[in-house]
Amino acid sequence: MRRAKLGIVSVGLWLLLALPALAQDGSVRVLDPDGVLGAGDSAVRAAAERLANEGAEVIVIAAGSSAGTTPASADQFLDTVLSQNNLAPSRTQLKPSQIVFFVARDARQTSLRFGQRWISTLQSVEARIQSEQMNPRFADGDIAGGLAAGLDAVRTTINPPNTALYVIGGVLATTAVGAVAVPVLRKRRAAAETLAGVRERAAQARRAAGVAIADLGQLVRNAEDKAQYDRISYATADVERLQTLQGNGLQLFQHAQAAFDAAEELENAKAAPEVNDYEAIIAQYNQARDVAAQATVAIREAEQLRSALDARGTPSTGGTTRLNQ
Numbered sequence: 456m457r458r459a460k461l462g463i464v465s466v467g468l469w470l471l472l473a474l475p476a477l478a479q480d481g482s483v484r485v486l487d488p489d490g491v492l493g494a495g496d497s498a499v500r501a502a503a504e505r506l507a508n509e510g511a512e513v514i515v516i517a518a519g520s521s522a523g524t525t526p527a528s529a530d531q532f533l534d535t536v537l538s539q540n541n542l543a544p545s546r547t548q549l550k551p552s553q554i555v556f557f558v559a560r561d562a563r564q565t566s567l568r569f570g571q572r573w574i575s576t577l578q579s580v581e582a583r584i585q586s587e588q589m590n591p592r593f594a595d596g597d598i599a600g601g602l603a604a605g606l607d608a609v610r611t612t613i614n615p616p617n618t619a620l621y622v623i624g625g626v627l628a629t630t631a632v633g634a635v636a637v638p639v640l641r642k643r644r645a646a647a648e649t650l651a652g653v654r655e656r657a658a659q660a661r662r663a664a665g666v667a668i669a670d671l672g673q674l675v676r677n678a679e680d681k682a683q684y685d686r687i688s689y690a691t692a693d694v695e696r697l698q699t700l701q702g703n704g705l706q707l708f709q710h711a712q713a714a715f716d717a718a719e720e721l722e723n724a725k726a727a728p729e730v731n732d733y734e735a736i737i738a739q740y741n742q743a744r745d746v747a748a749q750a751t752v753a754i755r756e757a758e759q760l761r762s763a764l765d766a767r768g769t770p771s772t773g774g775t776t777r778l779n780q
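The sequence shown begins at 456 in our numbering and counts up by one.
Take a look at the structure:
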């Protein structure tokens with residue numbers, strides 16, 4: 456029994472030592488033709504290596520005058536560098552595992568691009584990483600610091616700290632790592648997949664709420680235009696009914712906008728929201744969508760009443776023709 460336990464522990468130790476090597480299946484290329492990174496080059500390379508340990512093919516390109524002074528010249532420069540170095544055909548044709556960080560100092564342009572493998576994980580946070588982690592440092596002239604911060608932010612998004620395998624060392628002290636390594640790896644993968652899934656659901660909820668509110672806004676504007684002529688087109692009692700229906704719809708419209716704004720505040724409250732955070736964000740966006748639907752019903756009821764009144768007309772004039780702007 457003791458020999459069996461020692462064997463399991465030996466396998467566990469081998470797994471522990473092998474894990475870093477297994478993780479390092481990515482690669483790093485740092486290209487700085489104009490020397491804009493300066494003394495920060497080593498920090499950028501170290502951050503790129505950490506990201507590569509998550510399986511990414513990391514490409515960092517920093518340029519000064521070589522990229523020109525316009526967005527168009529910067530894009531052309533990026534395509535040329537990727538192609539000439541046999542990294543990718545262009546900035547829009549990356550390999551699945553590639554993640555490209557690009558900063559053109561003189562053109563004042565930055566970009567974070569990634570291949571198909573990382574879309575579900577990075578698409579919803581890409582803009583936030585640039586605006587919160589990279590651009591403030593670039594604005595201070597710290598190009599290397601901005602790139603290093605962006606690299607680390609992408610790494611922690613791909614592999615949040617709370618899912619790392621830091622517990623393995625403690626487990627080795629009390630039990631056989633070989634017996635737990637595979638379940639831990641599975642748990643880590645499951646946690647990452649769960650986070651990616653809930654992040655995508657949040658993005659879908661945001662899109663649905665945004666579309667509902669935008670459509671409702673157009674409906675409200677059309678109804679308000681028509682309401683200007685209600686008093687000269689309909690009887691007082693009918694005007695009051697229309698005002699009640701349309702007033703309810705407008706109030707619900709305002710509630711829907713407030714709920715959407717609250718959801719955005721929740722989403723921006725943390726640089727890297729967790730599953731529970733995203734669930735709360737989804738609930739808030741869904742509330743905004745549902746309230747927008749209620750408002751739409753109220754506004755449409757007012758529109759239906761106007762149509763009925765127009766069709767009914769008056770005893771003396773027959774059918775009613777509404778006044779238009």
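Think of the CB as a built atom: it goes at the ideal place given N, C-alpha and C, for glycine as much as any other residue. Since we're looking at a predicted model, the values are computed, not measured.
(request) Name the residue from VAL609, THR611, LEU606 and ARG563 whose alpha carbon lies nearest to the alpha carbon of PHE593. (result) Per the Cα distances, ARG563.
(request) Tell me whether LEU549 sits in a helix, a strand or coil according to DSSP, three-state version. (result) If DSSP states are grouped into helix, strand and coil, LEU549 belongs with coil.
(request) Using alpha carbons as the reference points, say which of ILE574, ALA664 and THR691 lies closest to ALA651. (result) With distances taken between Cα atoms, ALA651 lies closest to ILE574.
(request) Buried or exposed for GLN553, please, with buried defined as at least 16 other CB atoms from any protein chain shown within 10 angstroms of its CB. (result) GLN553 is buried by the Cβ-count criterion.
(request) Give the DSSP-derived three-state secondary structure of GLN564 in the structure shown. (result) GLN564 falls in the strand class under three-state DSSP.
(request) May I ask which residues mark the beginning and end of the alpha helix (DSSP H) holding ALA522? (result) For ALA522, there is no enclosing alpha helix (DSSP H), as DSSP marks it with neither H nor E.
(request) Have a look at GLN712 and ALA743 and give me their C-alpha separation to the nearest angstrom. (result) In this structure, the straight-line span from the alpha carbon of GLN712 to that of ALA743 is close to 7 Å.
(message) For ALA657, tell me which candidate among GLN531, ALA502, GLY672 and GLU729 has the shortest Cα-Cα distance.
(response) Of all alpha-carbon atoms in GLN531, ALA502, GLY672 and GLU729, the one lying nearest the alpha-carbon of ALA657 is that of GLU729.
(message) According to DSSP, simplified to helix, strand and coil, what is LEU781?
(response) Shown here, the chain extends from 456 to 780; a query on residue 781 therefore has no answer.
(request) Along the alpha helix (DSSP H) that carries ARG744, what are the first and last residues, could you check? (result) Its alpha helix (DSSP H) spans residues 730-767.
(message) Let me check one thing: in DSSP terms, what residues is SER482 bridge-paired to?
(response) According to DSSP, residue pairing for SER482 in a beta bridge involves GLU512.
(message) Could you check whether GLN701 and ALA646 sit closer than 7 Å to each other, using their CB atoms as the reference points?
(response) No, the pair does not count as a contact, with Cβ atoms beyond the cut-off.
(message) Spatial neighbours of ALA794 within its chain, please: C-beta separation below 7 Å, excluding the five flanking residues on both sides.
(response) With the chain covering 456 to 780 only, the question about residue 794 has no answer from this structure.
(message) Pull the bridge partners of ILE613 from the DSSP assignment, please.
(response) According to DSSP, residue pairing for ILE613 in a beta bridge does not occur.
(request) Please list, in chain order, all residues of the same chain as ALA714 whose beta carbon is under 7 Å from its beta carbon, the five residues on each side excluded. (result) Within the same chain, ALA714 has close Cβ partners GLN739, GLN742, ALA743 and VAL746.
(request) Pair every Cβ in the stretch 495-510 with every Cβ in the stretch 521-530, then say whether three or more of these pairs are closer than 8 Å. (result) No, the stretch 495-510 does not touch the stretch 521-530.
(request) Give me the Cα-Cα distance between ALA766 and TYR689, rounded to the nearest whole angstrom. (result) Taking C-alpha positions only, ALA766 is separated from TYR689 by approximately 12 Å.
(message) Distance check for SER520 and LEU542, CA to CA, integer angstroms please.
(response) So the alpha carbons of these two residues sit roughly 22 Å apart.
(request) Helix, strand or coil for ALA690, going by three-state DSSP, please let me know. (result) Coil, per DSSP.
(message) Is it buried or exposed, ARG661, if we count other Cβ atoms within 10 angstroms and call 16 or more buried?
(response) Counting every other CB atom within 10 Å of its CB across the protein chains shown gives ARG661 a total of 16 or more, marking it as buried.
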